Amino acid sequence: MTDTEEDLIRQRAYEIWESEGFPEGREYFHWEQAVREIGEKSASAGEVSKPAPASFSIVKNEAPLEEMPVEMVAKKRGKSAS
134 MTDTEEDLIR QRAYEIWESE GFPEGREYFH WEQAVREIGE KSASAGEVSK PAPASFSIVK
194 NEAPLEEMPV EMVAKKRGKS AS
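Numbered by our numbering, the letters in the sequence shown go through residues 134 to 215 in order.
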């Protein structure tokens, strides 16, 4: 991946984060969505590129909130699961 591609992905990920109201803990999903979108644009333009790896760290050995049991998500958010 070139620096230009990474800059495009970073900018798009920021735009997605911004459009969702600046949520915490969703950077991985925003980055992946941006990679897909930029990849689709490149593919439609006839370019072929590999998906970009995430250039940030996430908490190791922790599943995304969408994959956690409701009780764990509530605990992480400091709320009751009921």
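Virtual Cβ for every residue (Gly too), placed ideally from N, Cα, C. All values derive from a computational prediction rather than experimental measurement.
Residues of the same chain with a CB within less than 6 Å of the CB of tryptophan 150, apart from the 5 flanking positions on each side, are His163 in chain order.
Put simply, of Ala176, Gly179, Ile142 and Asp136 the residue whose alpha carbon is nearest the alpha carbon of glutamine 166 is Ile142. With respect to the 8 Å criterion, glutamate 138 and isoleucine 171 are classified as neighbours on the basis of their beta carbons. Phenylalanine 155 and alanine 178 have their C-alpha atoms spaced approximately 31 Å apart. For the region 134 to 159, the full-length alpha helix (DSSP H) segments reaching 4 residues or more read 136 to 152 along the chain.
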